[in-house]
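Q:
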Amino acid sequence: MLSRPEALLSPHDDSPGDSRTGPRSAGEDAARTAAQPPVRISARGISKSYGTTAALRDVSLDVKTGEFLTLLGPSGSGKTTLLNIVAGFVRLDAGQLFFDDEDVTLKAVNRRGLGMVFQNYALFPHMTVGENVAFPLRVRKLGRQEVRRRVDSVLRLVKLEALAARNVSALSGGQRQRVALARAVVFSPRIVLMDEPLSALDKSLREEMQVEIRHLQKRIGATTMYVTHDQREAMTIGDRVAVMNEARLIQCGTPAEIYQRPQTAFVARFIGESTLLPVRPQGASLALVDGTPLRTEHPVPSGDELYLVLRAERMLLPAECTEKTNRLAIVLRDVIYQGDSLLIIGEAAGGMQVSLRRQLRHGMIGGLPASGETLRVGIDPDSAIIVGP
Ligand SMILES: Nc1ncnc2c1ncn2[C@@H]1O[C@H](COP(=O)(O)OP(=O)(O)OP(=O)(O)O)[C@@H](O)[C@H]1O
Ligand SMILES: [Mg+2]
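Under numbering that gives the first Met the number 0, the first residue of the sequence shown is numbered 0, with each subsequent residue one higher.
1. Helix, strand or coil for residue 283 per DSSP?
2. In angstroms with no decimal places, state the Cα-to-Cα distance between residue 184 and residue 221.
3. If you measure from each residue's Cβ to the nearest non-hydrogen atom of ligand 1, which ones come out under 6 Å, in chain order?
4. How many angstroms separate the CA atom of residue 370 from the CA atom of residue 346?
5. When the Cα atoms are used, what is the spatial distance from residue 352 to residue 111?
6. Alpha carbon to alpha carbon, how far is residue 89 from residue 278? Give it in angstroms, no decimals.
7. Is residue 196 buried or exposed, if buried means 16 or more other CB atoms sit within 10 Å of its CB?
8. Under 8 Å: do the region 227 to 238 and the region 59 to 71 share three or more Cβ pairs, one atom per stretch?
9. Measuring alpha carbon to alpha carbon, tell me which residue in 305, 304, 296 is nearest residue 324.
10. According to the Cβ coordinates, are residue 287 and residue 376 closer than 8 Å?
11. Of all the alpha helix (DSSP H) runs that stay within the bounds of the region 168 to 209, which reach a length of 4 or more residues?
12. Suppose contacts are defined by Cβ-Cβ distances below 8 Å. Is residue 76 in contact with residue 328 by that definition?
13. Let me know the secondary structure DSSP gives residue 129 once reduced to three states.
14. Count the other C-beta atoms from every protein chain shown that fall within 10 angstroms of the C-beta of residue 49, then say buried if there are 16 or more, exposed otherwise.
15. If you drop the 5 nearest sequence neighbours on each side, which residues of the same chain put their C-beta closer than 6 Å to that of residue 348?
16. Report the three-state DSSP secondary structure of residue 350 (helix, strand or coil).
17. Following the continuous alpha helix (DSSP H) through residue 230, name the residue where it begins and the one where it ends.
18. Based on DSSP bridge pairs, tell me the residues matched to residue 98.
19. Between the region 101 to 119 and the region 177 to 191, are three or more C-beta pairs nearer than 8 Å?
20. Quick one, are the C-beta atoms of residue 318 and residue 354 less than 8 Å apart?
21. Sorted by chain position, which residues of the same chain lie with C-beta nearer than 8 Å to residue 386's C-beta, five sequence neighbours on each side aside?
22. Which residue marks the beginning of the alpha helix (DSSP H) containing residue 268, and which one marks its end?
23. Taking C-alpha atoms, which residue in 200, 344, 360 lies nearest to residue 232?
24. For the putative contact between residue 359 and residue 340, defined by C-beta atoms under 8 Å, what is the C-beta separation to the nearest angstrom?
25. When you compare only the Cα positions, how much space is there between residue 216 and residue 187?
26. Considering only their Cβ atoms, is the gap separating residue 45 from residue 84 smaller than 8 Å?
27. Which residues bound the beta strand (DSSP E) around residue 81?
28. Could you give the distance in angstroms between the alpha-carbon of residue 92 and the alpha-carbon of residue 179?
29. Let me know the secondary structure DSSP gives residue 253 once reduced to three states.
30. So, at 7 Å on beta carbons, what are the nonlocal neighbours of residue 271 in its own chain, with the 5 sequence-adjacent residues on each side left out?
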């Protein structure tokens, strides 16, 4: 097996012409890297194990044509394995992979038409920015003028045109990341795969790059899969988010669907600042463990093991509650000032920690009791999400 960057940078050619000899015409070269229509990626029942460790279990997923999909999950949940299977670096044990209607399960890496960005950039340290970006075009034997035109154009896209002649070893982390992005998209791939590309950057640069990557993807239109374990990044950057845990795909949806309609306790915990309180059916309705009745406008899943999802920003202070608000007594434990917001931490019946967050628009919130006193906070029925295990 080729190492990853070498495999990706070797010429890709879907025609039977690998054995051709002789120079190609300029027109032919341009056609080989002309903007290709993006494809739909379909994973069907994919499983992969390493010895006794299951990395993927029966994963089925569609990435729509031109869509930006983020793969989100804790460490070891199978994100990189799935990306590597789409890339062709890892052979699957069971299942199939399609690009549109073509079965590519056994197709070689360098024939899949992929651009890929890795966590550690994998740039050539002895080359300039321009030479790094030109590399995939040179291995595809494009003419000199066409290479220059494309490199200039993509460097403008990532705002590095002024640094084309600089050696990549003299760049900042964010600039290197932009070079890696430019190199991944310069040959107009149908698919772009990125594995935690921003993890080496500090928070503010990461946030800036998230927006840039999103804009770049919309400009080039390639179907994109992007791995992260940062929920905010996943929601900021993706059209849809696929949440993985323990080798399974748990839920896939738009950021709003994932946040507002989590289907399992895992998704509810993993996304947002949430506490899950156990609830039990009481006749046709629900009650908290201390017997307090609970009204919800959301569907209640079947089964006996149910949880109320309390999002910190949806919780209401006593003064914000109305007569329809579900009320919950908490013992105040801490009030933490965080500049833009106030985090209020309390303990509900059964010792569960409940957080309440308030944006600070007009200075501090007054009238909060002292630590150790009871506060009757609330959650409205339209915010009371119930999930199964
Ligand atoms: N080459 C390998 N050999 C053995 N086990 C592996 C190999 N690659 C992955 N695994 C195992 O497969 C599981 C999934 O790994 P994977 O790298 O896909 O997780 P991940 O979601 O990308 O995690 P992280 O966020 O830490 O990068 C893990 O339990 C991991 O230890
Ligand atoms: Mg990984």
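Every residue, glycine too, gets a C-beta built ideally from N, C-alpha and C.
Model, not experiment: these values are computed from the prediction.
A: Working from what's here:
1. Here residue 283 sits in coil by DSSP.
2. About 9 Å.
3. The set, ordered by position in the chain, is 49, 52, 54, 72, 74, 75, 76, 77, 78, 79, 80, 228.
4. When rounded, the distance between both Cα atoms is 11 Å.
5. Computed Cα separation, rounded: 49 Å.
6. The alpha-carbon atoms of residue 278 and residue 89 are separated by roughly 43 Å.
7. Sixteen is the threshold: when 16 or more other Cβ atoms of the shown chains lie within 10 Å of the Cβ of residue 196, as they do, the residue is buried.
8. The region 227 to 238, when compared against the region 59 to 71, does touch it at the 8 Å Cβ threshold.
9. For residue 324, the nearest C-alpha among the options comes from 296.
10. In this structure, residue 376 does not lie closer than 8 Å to residue 287 by Cβ.
11. Taking 4 residues as the minimum length, the alpha helix (DSSP H) runs contained wholly in the region 168 to 209 are 172 to 184, in order along the chain.
12. Not a contact, by the Cβ cut-off of 8 Å.
13. When DSSP states are grouped into helix, strand and coil, residue 129 belongs to the helix group.
14. Residue 49 is exposed by the Cβ-count criterion.
15. Here the set comprises 289.
16. The three-state secondary structure of residue 350, taken from DSSP, is helix.
17. Note, residue 230: alpha helix (DSSP H), 230 to 236.
18. For residue 98, which the question treats as bridged, DSSP gives the partners 40, 101.
19. At 8 Å Cβ cutoff, the stretches touch.
20. No, these two residues do not count as a Cβ contact at 8 Å.
21. For residue 386, same chain residues with a beta-carbon under 8 Å away, outside a window of 5 residues either side, are 261, 262, 263, 264, 266, 267, 275, 300, 305, 306, 308 in chain order.
22. Where residue 268 is concerned, the enclosing alpha helix (DSSP H) starts and stops at 264 to 269.
23. It is 200 whose Cα lies nearest to the Cα of residue 232.
24. Right, the Cβ-Cβ distance comes to about 6 Å (below 8 Å), so this counts as a contact.
25. Spanning the two alpha carbons is a distance of roughly 11 Å.
26. Yes. Within cutoff.
27. Note, residue 81: premise wrong, no beta strand (DSSP E); alpha helix (DSSP H) at 78 to 86.
28. Straight-line Cα distance between these residues: approximately 31 Å.
29. Note: residue 253 maps to coil in three-state DSSP.
30. So the qualifying residues of the chain are 258, 310.
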